[in-house]
Structures are given as structure tokens and as C-alpha cells.
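Under the working numbering, residues 851 to 986 are what the sequence shown spells out, in order. Don't be surprised by glycine CBs; every beta carbon is placed ideally from N, CA and C. All figures in this text were calculated on a predicted structure; none of them were measured in a lab. Here's the structure we're looking at; comments come further down.
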Amino acid sequence: MAFSTKSTGGPMADINITPLIDVMLVLLIIFMVTAPIPLEKIKIDLPQPNPDQTPPTNPPEPINLKIDQSGAFYWNDTPVDELGLKAQLAVIAQQSNQPEIQIKAADATAYQYVATVLADAKQYNLTKIGFADNGQ
């Protein structure tokens, strides 16, 4: 049987990339071998477990703070203004067992409203703050 090829006998227009790949692999190996290995140790302070601290037996119910697109605040589904929000945060700051504040912001809410809530919480030294999905 005879096989026929459709070549006209002219010069080939395809580039042979095999030598290019070989050179690139050799260069990759050279760079990997000559790359400096970091010899410095990086000191990281990891939190250590505290055996004296016991977890709370009855943690308080979390507080849901919703922020809508217009910047209105809802404290457990009750509308509050910014001064009322600060008053609520001050009350929580005085409690020995602080509840977690779960912030639910609408998708189109400006960041300024969320930043205001976080700044107010920092002002009252509240540390239990989380972000929840707004469910939309």
C-alpha cells in the first residue's frame, strides 16, 4: 500500500518548537537550583491555650444588626438611629459576658455605614463582632 502526502515539496512554514521547550526547561532547572533558600527564621507569636479559662456555659444570644442600603440600622429588627446604636453598644460594653454582634449589611450598602458601626464598637472595646450573610 502506498501512502500519499499532500506536500508540494516546498519549504515548511511550521516552526519547530521542540528546541525552544528544551532550552526553557534547562533554564527553569538552572533558576530553581540557583534560587536562594531563605535561611532566616521568621518568629511568629501564636496564641497559646489557656488551661485556666473555661468556655462560657450559657453564652448570650447574638445580636443581629442589619444595615440597609440607605444606612438605616436595625437592632434585632427594631429600627434605631446612630445615637441609639451607640447607646446600645455602651450597654453591651458594660456587661461582663458580652454577646456577639452579627452585622448583616445589604449588598448595596455604602462601606461608610459599616465602618461607622465598627468604629463605634471599637470605641466601646467590643471584640465579639461577626459578619453574617444577608440572605438575599
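*If you follow the beta strand (DSSP E) that G921 is part of, which residue opens it and which one closes it?*
The residue you call residue 921 lines up with position 71 of the sequence shown. Careful: G921 lies outside any beta strand (DSSP E) and carries neither H nor E.
*Do I913 and Y963 have their C-beta atoms closer together than 7 Å?*
Here residue 913 is taken as the residue at index 63 of the sequence shown, counted from 1. Here residue 963 is taken as the residue at index 113 of the sequence shown, counted from 1. For I913 and Y963, no; Cβs fall outside 7 Å.
_T907 to P949 span [Cα, whole Å]_ = For the purposes of this step, residue 907 is taken as residue 57 along the sequence shown, with counting starting at 1. For the purposes of this step, residue 949 is taken as residue 99 along the sequence shown, with counting starting at 1. One C-alpha to the other measures close to 13 Å.
*Near E911, which residues of its chain fall below 8 Å by C-beta distance, leaving aside the five closest residues on each side in sequence?*
Stepping through the sequence shown from its first residue, residue 911 is reached at position 61. Closer than 8 Å at Cβ, skipping near neighbours: P949.
*Look at the alpha carbon of A955 and the alpha carbon of Q919, and state the distance between them as a whole number of angstroms.*
Your numbering for residue 955 matches position 105 in the sequence shown. Your numbering for residue 919 matches position 69 in the sequence shown. Roughly 8 Å separates the two Cα atoms.
_K893 versus Y961 - alpha carbon distance_ = Reading the sequence shown from its first residue, position 43 is the one you call residue 893. Reading the sequence shown from its first residue, position 111 is the one you call residue 961. Going by the C-alpha atoms only, they are around 35 Å apart.
*Excluding five sequence neighbours on each side, which residues of the same chain lie with their C-beta closer than 6 Å to the C-beta of I951?*
Here residue 951 is taken as the residue at index 101 of the sequence shown, counted from 1. Correct list, in chain order: I913, L915 and I979.
*What are the boundary residues of the alpha helix (DSSP H) that Q962 is part of?*
Reading the sequence shown from its first residue, position 112 is the one you call residue 962. First-last of the alpha helix (DSSP H) with Q962: Y961 to Q973.
_Selection from L875, E890, E932 and N975 that minimises the alpha carbon distance to Q945_ = As a working note, residue 945 is residue 95 in the sequence shown. Closest by C-alpha distance to Q945, out of L875, E890, E932 and N975, is N975.
_Option nearest A971 by Cα separation, candidates T959, T904, V941 and N947_ = For this step, residue 971 is matched to residue 121 along the sequence shown. Per the Cα distances, V941.
*Can you tell me where the beta strand (DSSP E) with P869 in it begins and where it stops?*
Taking the sequence shown and counting its residues from 1, one reaches residue 869 at position 19. Segment T868 to T884 is the alpha helix (DSSP H) holding P869; no beta strand (DSSP E) there.
*Could you tell me the boundaries of the alpha helix (DSSP H) in which A943 lies?*
Here residue 943 refers to the residue found at position 93 when the sequence shown is read from its first residue. For A943, the enclosing alpha helix (DSSP H) begins and ends at E932 to Q944.
*Along the chain, where does the beta strand (DSSP E) that runs through Q952 open and close?*
Counted from its first residue, the sequence shown places residue 952 at position 102. First-last of the beta strand (DSSP E) with Q952: I951 to A955.
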